[in-house]
RNA sequence: GGGGAGUUACGCUAACCUGGCAGACUGCCAGCCUUGGGCGCUGGUAAUAAGGGUUCAAAUCCCUUACUCCCCA
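In my numbering, the protein residues as written are 3 to 481.
See below:
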């Protein structure tokens, strides 16, 4: 049959942009909103986000953090209190100038990030060293006006994220916090999303507006563009000084708090789709898949149907009882072939087909979405086999993503090679650390500094100016 | 920031150049059929992005707006 409207018609290797849009829309992950750059996070993608929330909440609550929710409206005077921060964000702020028909005397910003509004409250709440540390997180959406080049999940005017905001009495404690969170993010992105990442600090020009320094986690998409997948900032006293947030320490002296902020967003879902998907659609890693196993029943006569469905339900409850997210596709108006294609489009890791043959043999065929390979499993030990297979899929997906990352990372020592490989992945090179060399790279290639690895140093000459340095940095074009 | 292409039923698309009954596939609804890789049959249902202009007549020509995609900075 000719390609019809249902499946993805673009090839990932030939036209990844078109492929991506089709994968997002046809799998039921998202739909476009009526305002530019907005999307609906449909149940299928929102379920993934809920799994992320669950995992990350466990991590931060286990280390003393609490969730809260702050207003999305920020008065202009508050937003502009920290100059660098305001300058960095104001070009993309959505401003509210009217309430009903009444003109507002002061513009209200829809939060592009919540540092300023949360610090407004920290100022009220923090008095003594006993009030510290204050470890807050909120799950919310933020709005940043993206005028051009929007892409579902990866670049939208409104997106969902978590933003952590913490206050500490000392620099050391705040820095430890920022780096601990970085570790949590690495775990989430590598162990759940099965996306390998490069970790490091941002350069001065790429760091968060208002930060002392920014830790970043960068992933590489198959088209050679990097995605900033998470950031954790040490803000020092950059915000507490202009906002006047002080506490009385044990020694009786009044001191400014040291703060951190950190976030991961639904952008990760975009990276997930791009990283693992194939020409048939999504390929979801088991730990994030809303449905880990789908059972497709196959039958002819009505009498057979009941037997098949009974057995299918039995299999389903057995798996569900073992904590596996399982769905029985008992739609009576769809053929098995339709269902196979449908669940492959949605990226369900494992498919079980249950028909008269399986009923007879009590042996099930496990069909893997990631490799397309099939293997047999005895019904008596099914749960164990499924759990093992899910684990294998998760590991296999990370492994192949990691191999791709390696094959797309180019270590160069000349500017000619730098320009040759930029756009094809990460280009790793010595860099003197100067803003002028960084700016030249941006001007010549449109690529930016993505990360300066924390513990990696190598003597060499700056790829741009030739100056001796031991700084190694990753550069790439990015989303 | 600059340029280009586009928007017809949930979706994919025909008619557009050359103005004159909006056609198919898919979907959806009803009935029959019953399923091992997008089952089949019959009947029905559903669309010209929004606004303005030209014209006897606009999906078609012109303008504005919105949204989408692509290329360049």
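We treat Cβ as the ideally placed atom computed from N, Cα and C, and that holds for glycine.
* Would you say residue 72 and residue 110 are within 7 Å of each other, going by their C-beta atoms? -> Against a cut-off of 7 Å, the Cβ pair of residue 110 and residue 72 comes out as no contact.
* Asked: Going by beta carbon distance, what residues of the same chain come within less than 7 Å of residue 141, once the five residues before and after it are set aside?
  -> Taken in chain order, the residues that qualify are 55, 69 and 164.
* To do: Kindly list the residues whose CB is nearer than 8 Å to the CB of residue 171, restricted to its own chain and excluding five residues on each side of it in sequence; keep chain order.
  => Taken in chain order, the residues that qualify are 131, 134, 135, 249, 251, 257, 259 and 260.
* Relative to the alpha-carbon of residue 400, which residue among 225, 199 and 25 has its alpha-carbon at the smallest distance? -> If we check each option's Cα against that of residue 400, 199 comes out closest.
* Asked: Considering only residues of the same chain and omitting the five flanking positions on each side of residue 444, which have a CB-CB separation below 8 Å?
  -> So the qualifying residues of the chain are 450.
* How many whole angstroms separate the CB atoms of residue 454 and residue 391, which I take to be in contact at a CB cut-off of 8 Å? -> Between residue 454 and residue 391, the beta carbon gap of about 39 Å keeps them out of contact (Cβ cut-off 8 Å).
* Terminal residues of the alpha helix (DSSP H) in which residue 441 lies -> Where residue 441 is concerned, the enclosing alpha helix (DSSP H) stretches over 437-447.
* Own chain, CB closer than 7 Å to residue 208, minus 5 neighbours either side, in chain order -> Excluding positions up to five away in sequence, the list reads 450 and 451.
* To do: Name the two residues that bound the continuous beta strand (DSSP E) containing residue 462.
  => Taken as a continuous stretch (DSSP letters only), the beta strand (DSSP E) holding residue 462 covers 459-463.
* **Nearest to residue 125 (by Cα), restricted to the options 362, 273, 457 and 245** => Among 362, 273, 457 and 245, the Cα nearest to that of residue 125 belongs to 245.
* If we call anything under 7 Å between Cβ atoms a contact, is residue 80 one with residue 46? -> Note that the C-beta distance between residue 80 and residue 46 is not below 7 Å.
* Same chain, Cβ closer than 7 Å to residue 3, five either side skipped, listed in chain order -> The predicted model places residue 3 with a pLDDT of 26, which falls under 50 and marks its position as unreliable; any figure quoted below should be read in that light. Counting only Cβ-Cβ distances below 7 Å, and skipping sequence neighbours, we find nothing.
* Asked: What are the start and end residues of each continuous beta strand (DSSP E) run of 3 or more residues lying completely inside the stretch 334-368, in chain order?
  -> Listed in chain order, the complete beta strand (DSSP E) runs (minimum 3 residues) inside the stretch 334-368 are 352-356.
* Give me the Cα-Cα distance between residue 238 and residue 94, rounded to the nearest whole angstrom. => Distance from the CA of residue 238 to the CA of residue 94, rounded to the nearest whole angstrom, comes to 25 Å.
* Is residue 51 buried or exposed, if buried means 16 or more other CB atoms sit within 10 Å of its CB? -> Around the beta carbon of residue 51, 16 or more other beta carbons lie within 10 angstroms, which makes this residue buried.
* Asked: If residue 366 and residue 379 are in contact, beta carbons under 8 Å, what's the gap, nearest whole angstrom?
  -> Rounded to the nearest angstrom, the Cβ distance from residue 366 to residue 379 is 5 Å, consistent with a contact under 8 Å.
* Does the beta-carbon distance from residue 195 to residue 284 come in below 7 Å? -> No, Cβ-Cβ distance for residue 195 and residue 284 is not below 7 Å.
* Nearest residue (CA-CA) to residue 300, options 332, 247 and 176 -> Nearest of 332, 247 and 176 to residue 300, Cα basis: 332.
* Using DSSP with H/G/I as helix, E/B as strand and the rest coil, what is residue 195? -> In the structure shown, the three-state DSSP call for residue 195 is coil.
* Own chain residues within Cβ distance below 7 Å of residue 25, not counting five before or after -> Cβ within range, chain order: 10, 275, 279, 283 and 284.
* Thinking C-alpha only, which one of 459, 214 and 286 is nearest residue 193? -> Nearest Cα to residue 193 within the set 459, 214 and 286: 286.
* Asked: Relative to the alpha-carbon of residue 113, which residue among 148, 160 and 150 has its alpha-carbon at the smallest distance?
  -> The option with the nearest alpha carbon to residue 113 is 160.
* State buried or exposed for residue 33, treating a residue as buried only when at least 16 other CB atoms are found within 10 Å of its CB. => By the neighbour-count criterion, in which a residue is buried when 16 or more other Cβ atoms sit within 10 angstroms of its Cβ, residue 33 is exposed.
* To do: Given a cut-off of 7 Å, decide if residue 236 and residue 176 are closer than it, judged by their beta-carbon atoms.
  => Yes, the Cβ-Cβ distance between residue 176 and residue 236 is below 7 Å.
* Asked: When the Cα of residue 292 is compared with those of 17, 53, 384 and 35, which residue comes out closest?
  -> Ranking 17, 53, 384 and 35 by Cα distance to residue 292 puts 53 first.
* Roughly how many angstroms separate the alpha carbons of residue 5 and residue 422, rounded to a whole number? -> Interpretation of residue 5 is limited by its pLDDT of 38, a score under 50 that renders its predicted location unreliable; no figure is taken from the coordinates.
* Asked: Buried or exposed: where does residue 234 fall if 16 or more other Cβ atoms within 10 Å of its Cβ makes it buried?
  -> Residue environment analysis places residue 234 among the buried positions, since at least 16 neighbouring C-beta atoms fall within 10 angstroms of its C-beta.
* Excluding the five sequence neighbours on either side, which residues of its own chain have a C-beta within less than 6 Å of the C-beta of residue 425, listed in chain order? -> For residue 425, same chain residues with a beta-carbon under 6 Å away, outside a window of 5 residues either side, are 226 and 479 in chain order.
* Asked: Alpha carbon to alpha carbon, what distance is there between residue 324 and residue 383?
  -> A straight-line Cα-Cα distance of about 12 Å links residue 383 and residue 324.
* To do: Output the distance between the C-alpha atoms of residue 82 and residue 88, rounded to the nearest integer angstrom.
  => Residue 82 and residue 88: Cα-Cα distance of roughly 5 Å.
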